[in-house]
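What follows is a short report on a single structure.
Numbering (our numbering), first residue to last: 1398 to 1569.
Right, here's the structure in full:
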């Protein structure tokens, strides 16, 4: 997960100065860039291990992992059950919609499907109404899995920027 808080930094005189700190799970190739950006804004970025000892113990004892498949039966299952993800929905016009959710991805895709009939709300129904295209919800791809909402939002934003406004409709 991610959290923020204050940490004490000791100055040369021995006094303590409080600075903002952001705690994120370590992600290869992204974490140190975030640390560099944080330093420019006087925010300490520290990392946690993605696999904690408590999770390793649960795996070795045979208990069900937190992110494993749910027992819920979906009326319409678009993709295999997974939660805490950044996802990409391909559109029939050749563009994509990028989003993130902490819940089961099928629940979120079902909400997207319901929003299409309304033609207003988020980027997806508005674009589909104006363009005349349709989303291929069954072909939704996982971009990444992250437990913390902030981490998912950062990954989503980075992917949106990488795709660009010509390819991604999630750009505001």
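We put the beta carbon where it would ideally sit given N, CA and C, even for glycine.
What is the DSSP secondary structure of residue 1434, counted as helix, strand or coil? Position 37 of the chain shown, counting from 1, holds the residue named residue 1434. In the structure shown, residue 1434 sits in a helix (DSSP, three-state: H, G or I).
Do you know how far the Cα of residue 1508 is from the Cα of residue 1484? As a position in the chain shown, residue 1484 is number 87, starting the count at 1. As a position in the chain shown, residue 1508 is number 111, starting the count at 1. When rounded, the distance between both Cα atoms is 14 Å.
Residue closest to residue 1473, alpha-carbon to alpha-carbon, out of 1524, 1549, 1510 and 1418: Mapped onto the chain shown, residue 1473 falls at position 76. When each option's Cα is compared against that of residue 1473, the closest is 1510.
Does the beta-carbon of residue 1433 have 16 or more other beta-carbons within 10 angstroms, so that it is buried, or is it exposed? Taking the chain shown and counting its residues from 1, the one referred to as residue 1433 is at position 36. Residue 1433 is exposed by the Cβ-count criterion.
Would you say residue 1533 and residue 1489 are within 8 Å of each other, going by their C-beta atoms? On the chain shown, position 136 is the one that residue 1533 refers to. On the chain shown, position 92 is the one that residue 1489 refers to. Yes; because the gap between Cβ atoms is below 8 Å, this pair is in contact.
By Cβ distance below 6 Å, which residues in the same chain neighbour residue 1538 in space, the five residues on each side in sequence not counted? Taking the chain shown and counting its residues from 1, the one referred to as residue 1538 is at position 141. These residues qualify, in order along the chain: 1485.
The stretch 1489-1503 touching the stretch 1544-1554, judged by at least three CB pairs closer than 8 Å: The stretch 1489-1503 vs the stretch 1544-1554: in contact.
Residue 1546 by DSSP, collapsed to three states: which one? Residue numbering aside, residue 1546 sits at position 149 when the chain shown is read from its first letter. Correct three-state label for residue 1546: helix.
Name the two residues that bound the continuous alpha helix (DSSP H) containing residue 1527. Start at 1 with the first residue of the chain shown, and residue 1527 comes out as number 130. Per DSSP, residue 1527 belongs to the alpha helix (DSSP H) from 1520-1528.
Since residue 1506 is in the beta strand (DSSP E), which residue starts that stretch and which ends it? Taking the first residue of the chain shown as position 1, residue 1506 is located at position 109. Per DSSP, residue 1506 belongs to no beta strand (DSSP E); it is in the alpha helix (DSSP H), 1502-1513.
Three-state class that DSSP yields for residue 1563 in the structure shown: Taking the first residue of the chain shown as 1, we reach residue 1563 at position 166. Residue state, collapsed to three classes: coil.
What does the Cβ neighbour count give for residue 1492, buried or exposed, with the cut at 16 atoms within 10 Å? Numbered from its first residue, the chain shown carries residue 1492 at position 95. By the neighbour-count rule (16 or more Cβ atoms within 10 Å), residue 1492 is buried.
Are there 16 or more other CB atoms within 10 angstroms of the CB of residue 1457, so buried, or fewer, so exposed? One-based indexing of the chain shown puts residue 1457 at position 60. Annotation note: pLDDT 49 at residue 1457 (below 50); position unreliable, coordinate value reported separately. By the 10 Å Cβ count, residue 1457 comes out exposed.
Given that a residue counts as buried once 16 or more other Cβ atoms are within 10 Å of its Cβ, and exposed if not, what is residue 1522? Here residue 1522 refers to the residue found at position 125 of the chain shown. Looking at its Cβ environment, which holds 16 or more other Cβ atoms inside 10 Å, residue 1522 is buried.
For residue 1444, tell me which candidate among 1517, 1418 and 1437 has the shortest Cα-Cα distance. For the purposes of this step, residue 1444 is taken as the residue at position 47 of the chain shown. Distances from the alpha-carbon of residue 1444 to those of 1517, 1418 and 1437 put 1418 closest.
Grab the span of the beta strand (DSSP E) containing residue 1441 for me, first residue to last. Within the chain shown, numbered from 1, the residue matching residue 1441 stands at position 44. Residues 1440-1445.
Can you tell me which residues form a DSSP beta bridge with residue 1496? Position 99 of the chain shown holds residue 1496. Paired residues: 1484.
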